[in-house]
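To start, the structure itself, in C-alpha cells.
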Amino acid sequence: MSQSSARRRALRELSDPDAPITPLGDCTVQDGNGSLYSLLPQTQAAADGIEAGTEMVLGYDAETNTYLASPKRVVAESDEHWANDIIR
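Using this note's numbering, read the sequence shown as starting at 158 and increasing by one per residue.
Written as C-alpha cells, this is what we have:
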C-alpha cells in the first residue's frame with residue numbers, strides 16, 4: 158500500500174464514528190519552557206512501550222482537527238503508517 162493510501166485510510170478512520178479508536182479520557186495540556194505537553198495514560202503508554210524519552214512522530218489532520226502521535230519505532234516497523242514519509 159502506498160503512503161498516500163495509508164494516509165487516506167488513517168484519515169477515513171479518524172472521521173468515521175465507528176472506527177476502532179479507543180477513548181483514553183481527558184487530560185490537561187501543560188506548558189514547559191515554551192513547549193506544550195500533554196500526557197498519555199500511564200497504563201496504556203506502558204502497554205505500548207512508551208516511556209520517558211521515547212521518540213514520537215507527530216502529525217495534524219486539519220480536516221478533523223486531530224493531533225496524531227505515534228512512537229517513531231512503530232512508524233519504522235510499518236510500510237503502511239501515516240507518518241512513513243516523515244522519518245524516511
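Cβ coordinates follow ideal geometry from the N, Cα and C atoms, glycine included.
Around the beta carbon of residue 232, 16 or more other beta carbons lie within 10 angstroms, which makes this residue buried.
Looking at the DSSP output, residue 185 shares a beta bridge with no other residue. Exposure of residue 186 is indicated by the presence of fewer than 16 other C-beta atoms within 10 angstroms of its C-beta. No Cβ-Cβ contact shorter than 7 angstroms links residue 215 with residue 203. Each residue's CA atom was taken as its position, placing residue 221 and residue 239 some 15 angstroms apart.
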